[in-house]
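Chemist:
Numbering (the working numbering), first residue to last: 51 to 563.
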C-alpha cells in the first residue's frame, strides 16, 4: 500500500462484490487550487454522476462544505464494477481527508464499506456475509462499515460500526474515543438441524434408504430412477435431513454466497431444485454482472434435478465439469471469476416418457424407440460421474402399513452419518465423494482380496476408470458408516450393487468421455 506522497493527496480502500469473496478497490483523492469542482473518474459516467450527487448531499447534510478547490477522485478496481454504491463511503472519507477533516494516515491502511444516504446515514450493502469473508482474506489496520454488519462479525475484525458520517469523522479525528456504538440486535446465523419430518414419512424402500444414507454420509451424487409414484422426489427431499451440520468454514461459504445474490440465508445446508426449463445462465451463472447460478447457490448442499431427462441434453453436459472440479469459471470480456459449486447432485428421473417403465403391474405406453431416445439423453460420461444409482419401484403396501417410520431409527441413521463424515474430515479433510485416484491410497486399507474383487468387477462390467474410482469411493463410505478402517469385500459388492443398469437402459452406442 502506498504512503501519502503529496499534500492534499490521500489514498484508501473500499470493497466491491465480485464472485464469492469480492475484491478490493483503491480510492485516490487529491485537492488542488483551482476552480471549485468535484470530479470522479475510473467508473462509467452515469455511475460517477450518481455517486457525486449522493456524496455531495451527504456531506452537506453532515455539515461539511467543500473547499474552493478542485477535488479529483480516482477509482481503480481489479474486477468488474457490480455495485458502485458500495464505494460511497470510501470516496467520501477520501474527500474529507483531502480537505483536512481527517488525518490521511488514519485512512491509508483502512477499508470503508457502505452506501451513503442523502442525510449522511451509512447504510449496509447487500453482500454482507461476503464482506466478512473478504475481510478475513484482506488485512487492514482499520475497517469501518454500517453497524449491523460490524456487530454481526465484530469478533473477526478490527474496526467499527457507524450509523452516520459525522460519527465516523469524529472517531477518525480522535474526538470520539472508545468503542463505536453498535446496534443492539444480533440475528443468530448458526445452522440448525432439520427435524426429519420428510424422512419419517418414507415407508418401505429399504434399498433407497440405504442409498440415501450412503449419499448423505459421503456427499456422493445420487441418481434415482423408476416409474412415477415410486417416491423419488420424496427421497430427494428427505436426504437433506440426513446431512451433517456444516462446519464453520462451510457455513461461512453458504452465507457468503446467498448474501452476494441477495437471497435469504438458509437455516441449514441449501437445497436447490430448479425446474427443467431453467436456462444455462440461471443454472451455471453468468450474464452481464457474472451473477451466481443454482449450482453455486447449492454449494455445500444439494442440487436436486427432478425429471432429469426432461432437461436439455446440452445443459446436462455442462454439469460434467463442476461435478468434478466443484467450481465454475464465469467470464465476460476481461472480467473473470471462479465461484464455488461444490454441490451434491441428487437426480430423479422416469425411465420412459410415459413414466410407467419399471412399474410392477402397469405396462409402459411408450414404444421401444421412444424409450431408447429418452434414456439416451443421459450420456455415459455424465452417468459415470454419479457414484450412486438406484432404481425405485412403488411399494403401496408399505405406505398403507407405514412400515419402518420410527423416529428412533431415523436418529440412529443420522448419528451414523455424522460419525462417518467426522471420520472422513479427520482422515483426509474432505468427504469421500471428493476423493480422486487417491481413494486407492494404502492408508484406506485395501487388502489383496478387495483389490482382486474390484478388478474382477471392472473386467466383467467394463467399468470406466471414472466409474471404478466412484465405486471405490462408495465402498470407502460404507466402511466409514460401520466405523471401520478396513474395506471389506462386502463393501465392494454393496457399492457395485448401486451401479447396476436400469430397466431398458442401453448405453452401448453412447460415447464415453
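Every residue gets a Cβ at the ideal spot worked out from N, C-alpha and C, and that includes glycine. Given the structure is predicted, the values throughout are model-derived calculations rather than measurements.
From the DSSP output, in three-state form, read off residue 149 for me.
Modeler: Translated into the one-based positions of the chain shown, residue 149 becomes position 99. Here residue 149 sits in coil by DSSP.
Chemist: Given 8 Å as the limit, is there contact between the stretch 495–515 and the stretch 311–323, that is, 3 or more CB pairs closer than that?
Modeler: Not touching, per the Cβ criterion.
Chemist: Would you kindly work out how many angstroms separate the C-alpha atoms of residue 365 and residue 354, rounded to a whole number?
Modeler: Taking the chain shown and counting its residues from 1, the one referred to as residue 365 is at position 315. Taking the chain shown and counting its residues from 1, the one referred to as residue 354 is at position 304. Each residue's Cα considered, the two are about 15 Å apart.
Chemist: Let me check understanding here. Comparing Cα to Cα, which of 404, 434 and 410 lies closest to residue 420?
Modeler: In the chain shown, the residue the question calls residue 420 occupies position 370. If we check each option's Cα against that of residue 420, 404 comes out closest.
Chemist: Once you ignore the five residues that flank residue 518 on each side, which residues in its own chain have a CB closer than 6 Å to its CB?
Modeler: The residue you call residue 518 lines up with position 468 of the chain shown. Cβ within range, chain order: 508.
Chemist: Measuring alpha carbon to alpha carbon, tell me which residue in 272, 222, 285 and 216 is nearest residue 250.
Modeler: Position 200 of the chain shown holds residue 250. It is 285 whose Cα lies nearest to the Cα of residue 250.
Chemist: Going by C-alpha distance, which of 85, 132 and 466 is nearest residue 117?
Modeler: The count along the chain shown starts at 1 and reaches residue 117 at position 67. Of the candidates 85, 132 and 466, the one whose C-alpha sits nearest the C-alpha of residue 117 is 85.
Chemist: Taking all protein chains shown into account, decide if residue 471 is buried (16 or more other Cβ within 10 angstroms of its Cβ) or exposed.
Modeler: Here residue 471 corresponds to residue number 421 of the chain shown, with the count starting at 1. So residue 471 ends up on the buried side.
Chemist: Would you identify the three-state DSSP class for residue 136, choosing helix, strand or coil?
Modeler: Taking the chain shown and counting its residues from 1, one reaches residue 136 at position 86. Three-state DSSP puts residue 136 in a helix.
Chemist: For residue 138, collect the residues of the same chain with a Cβ closer than 8 Å to its Cβ; drop the 5 residues on either side in sequence, then sort them by chain order.
Modeler: The residue given as residue 138 occupies position 88 in the chain shown. 101, 104, 105, 108, 164, 165 and 166, listed in sequence order.
Chemist: In three-state DSSP terms, what is residue 495?
Modeler: Along the chain shown, read from residue 1 onward, the residue named residue 495 stands at position 445. Residue 495 falls in the coil class under three-state DSSP.
Chemist: Would you report the Cα separation of residue 402 and residue 282, rounded to the nearest angstrom?
Modeler: Residue numbering aside, residue 402 sits at position 352 when the chain shown is read from its first letter. Residue numbering aside, residue 282 sits at position 232 when the chain shown is read from its first letter. Taking the straight line from one Cα to the other gives about 15 Å.
Chemist: Leaving out five residues before and five after residue 527 in sequence, what residues of the same chain have Cβ atoms less than 6 Å from its Cβ?
Modeler: As a position in the chain shown, residue 527 is number 477, starting the count at 1. Around residue 527: 264, 267, 268 and 482.
Chemist: Could you name the residues of the same chain whose beta carbon sits closer than 7 Å to that of residue 503, not counting the 5 residues immediately before and after it, in chain order?
Modeler: As a position in the chain shown, residue 503 is number 453, starting the count at 1. Contacts found: 539 and 542.
Chemist: Counting only runs that start and end within the stretch 492–557, where is the alpha helix (DSSP H) found for 4 or more residues in a row?
Modeler: Runs found: 498–511, 515–531 and 539–547.
Chemist: Excluding sequence positions up to five away, which residues of its chain have a Cβ less than 7 Å from the Cβ of residue 242?
Modeler: For this step, residue 242 is matched to residue 192 along the chain shown. Closer than 7 Å at Cβ, skipping near neighbours: 317 and 318.
Chemist: In terms of residues, what are the limits of the beta strand (DSSP E) holding residue 79?
Modeler: Along the chain shown, read from residue 1 onward, the residue named residue 79 stands at position 29. Taken as a continuous stretch (DSSP letters only), the beta strand (DSSP E) holding residue 79 covers 73–82.
Chemist: When the Cα atoms are used, what is the spatial distance from residue 134 to residue 271?
Modeler: Taking the first residue of the chain shown as 1, we reach residue 134 at position 84. Taking the first residue of the chain shown as 1, we reach residue 271 at position 221. Answer to the nearest angstrom: the Cα atoms are 39 Å apart.
Chemist: So is residue 53 buried or exposed if we call it buried at 16+ other beta carbons inside 10 Å?
Modeler: Here residue 53 refers to the residue found at position 3 when the chain shown is read from its first residue. With a pLDDT of 39 at residue 53, under the threshold of 50, the predicted position of this residue should be treated as unreliable, though the coordinate-derived value follows. It counts as exposed.
Chemist: Could you tell me the boundaries of the alpha helix (DSSP H) in which residue 211 lies?
Modeler: Taking the chain shown and counting its residues from 1, the one referred to as residue 211 is at position 161. From DSSP, residue 211 is part of no alpha helix (DSSP H) but of the beta strand (DSSP E) over 209–211.
Chemist: Determine the direct distance from the alpha carbon of residue 93 to that of residue 191, and round the result to whole angstroms.
Modeler: Counting from one through the chain shown, the residue named residue 191 turns up at place 141. Counting from one through the chain shown, the residue named residue 93 turns up at place 43. Rounded to the nearest angstrom, the two C-alpha atoms are 26 Å apart.
Chemist: Nearest to residue 132 by CA position, among 216, 213, 342 and 297, is which residue?
Modeler: Residue mapping note: residue 132 aligns to position 82 of the chain shown, counting from 1. The candidate whose alpha carbon is nearest that of residue 132 is 342.
Chemist: May I ask you to report which of helix, strand or coil DSSP gives residue 322?
Modeler: For the purposes of this step, residue 322 is taken as residue 272 along the chain shown, with counting starting at 1. Three-state result, residue 322: strand.
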